[in-house]
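Residue numbers (the numbering used here): 38 to 409. By construction, the Cβ of each residue, glycine as well, lies at the ideal position given by its N, Cα and C atoms. The structure displayed is predicted, hence computed values, not measured ones. Here is the structure we will look at, set down as structure tokens.
Written out as structure tokens, the structure reads:
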């Protein structure tokens with residue numbers, strides 16, 4: 038194994054799988070996937086933004102490993118993560134003769150990973166797939182853990198399945214071609230790991246986040262490895278979110294998904310940007326309930342502002358009233374017994390789950406946020 042490559046494991050017993058992290062892995066992916074294959078054939082799914090940068094290199098790597106490939110290039114963006122996108126992908130896989138023992142390669146960001154993972158969960162009652170995330174958000178979050186889904190009119194990720202990948206291959210060098218806005222959106226998920234239960238890592242983000250976004254390779258490697266290790270630990274402890282352990286990964290998401298719904302799941306507000314604003318809102322809501330020091334909530338907002346991420350409704354481009362936003366939250370897939378568990382906090386690195394606060398209280402808080 039290349040000494041420069043890190044190897045982590047998501048420990049799920051017989052379904053455990055490795056996460057490989059290293060610059061240049063895109064060009065060597067065939068060698069890592071070929072041993073998993075029952076036949077020398079794989080299918081690659083990517084999008085029109087990623088394909089010009091990496092598809093040829095991935096195809097060449099498989100050819101070098103003696104593996105034949107076919108490829109599908111989808112439209113970029115959340116629009117592909119839909120019933121129509123799922124239908125197109127599943128029909129293509131079936132047309133290509135996909136077998137249950139095949140390993141479909143998801144080459145792209147969170148949309149491609151989520152869509153391919155869900156398609157592989159349902160085609161022929163389940164086939165294998167490999168995550169090759171090319172965005173920071175996918176590298177530190179969505180590629181690990183097996184949550185797969187599509188969006189529907191009522192909300193984000195409401196139709197989906199838990200379906201773990203067989204392998205995750207992370208090449209931080211792919212971030213060099215990522216637009217600054219997409220990089221920032223992914224960075225929000227990095228910050229999240231500090232805010233959940235690691236105050237020291239949040240302090241690291243405050244010290245190194247700007248350098249990471251400016252292209253510091255060492256900072257990017259550290260952030261990716263630290264975040265993936267945290268995600269792997271949480272998934273191993275609570276794979277299907279039946280306890281409150283994995284639910285902590287949703288910090289900022291209940292508020293953030295409401296903002297995404299209000300902006301039509303469009304490029305007006307990227308998922309990571311919504312999460313950033315949602316984390317700031319969760320901290321301010323916690324402070325308003327007397328749970329969290331106001332200084333901690335202000336510190337979170339200040340860091341997000343310093344790296345150019347939204348930290349309030351205005352910055353997220355949302356002017357809806359609290360009742361409208363709370364109505365979006367009512368469709369959240371985490372609702373239990375008519376109550377929405379919120380991820381709140383007692384301070385930086387001290388997040389917890391509670392359903393003690395009704396959506397009427399959340400709506401009143403969000404109405405107050407409109408005037409900020």
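Here residue 123 is actually not in contact with residue 97; their C-beta atoms are around 29 Å apart, not less than 8 Å. Given a length threshold of 3 residues, each whole run of the beta strand (DSSP E) inside the stretch 166–227 is given here in chain order: 184–189, 192–199 and 204–207. Scanning its chain for C-beta atoms nearer than 6 Å, with the 5 sequence neighbours on each side dropped, one finds around residue 362 the residues 295 and 403, in chain order. Comparing alpha-carbon positions, the option among 114, 45 and 297 lying closest to residue 59 turns out to be 45. Taking a cut-off of 8 Å on C-beta distances, the stretch 166–181 touches the stretch 208–223, as three or more cross pairs fall below it.
Cβ-Cβ distances below 6 Å link residue 293 to 311, 312 and 315 in the same chain, with the five nearest sequence neighbours on each side left out; the list follows chain order.
The Cβ atoms of residue 285 and residue 380 sit closer than 8 Å to each other.
Residue 128 and residue 160 have their alpha carbons spaced roughly 9 Å apart. By the 16-neighbour rule on beta-carbons within 10 angstroms, residue 347 is buried.
With respect to the C-alpha of residue 90, the residue from 366, 131 and 110 having the closest C-alpha is 110.
Counting only the Cα atoms, residue 366 lies some 40 Å from residue 70. Per DSSP, the beta bridge partners of residue 379 are 391.
In this structure, 336 is the residue among 303, 116, 336 and 182 with its C-alpha nearest to the C-alpha of residue 320.
Taken through DSSP and simplified to helix, strand or coil, residue 127 comes out as helix.
According to the DSSP assignment, residue 55 belongs to the beta strand (DSSP E) that extends over 54–58. Comparing C-alpha distances from residue 242 to each of 64, 318 and 227 shows the shortest one belongs to 227.
Taking the Cβ atoms as the reference, residue 338 lies roughly 11 Å from residue 331, outside the contact range of under 8 Å. Between the stretch 298–305 and the stretch 76–89 there are fewer than three C-beta pairs closer than 8 Å, too few to call the two in contact. Within the same chain, and ignoring the five residues on either side of residue 322 in sequence, the residues whose Cβ sits closer than 6 Å to its Cβ are 402.
With contacts defined by Cβ atoms closer than 8 Å, residue 126 and residue 87 do not form a contacting pair. A distance below 7 Å between beta-carbons, with the five flanking residues on each side excluded, links residue 118 to the following residues of its chain, in chain order: 148, 151, 152, 187 and 188.
Taken through DSSP and simplified to helix, strand or coil, residue 84 comes out as strand. Assignment of residue 300 by DSSP, reduced to helix, strand and coil, places it in the coil class. For residue 183, the closest of 93, 199 and 207 by C-alpha to C-alpha distance is 199. When secondary structure is reduced to three states using DSSP, residue 78 falls in the strand class. Contact between residue 265 and residue 131 fails: their C-beta atoms lie close to 32 Å from each other, not under 8 Å. Distance check between residue 247 and each of 260, 235, 351 and 373 places 260 closest, using alpha-carbon atoms only.
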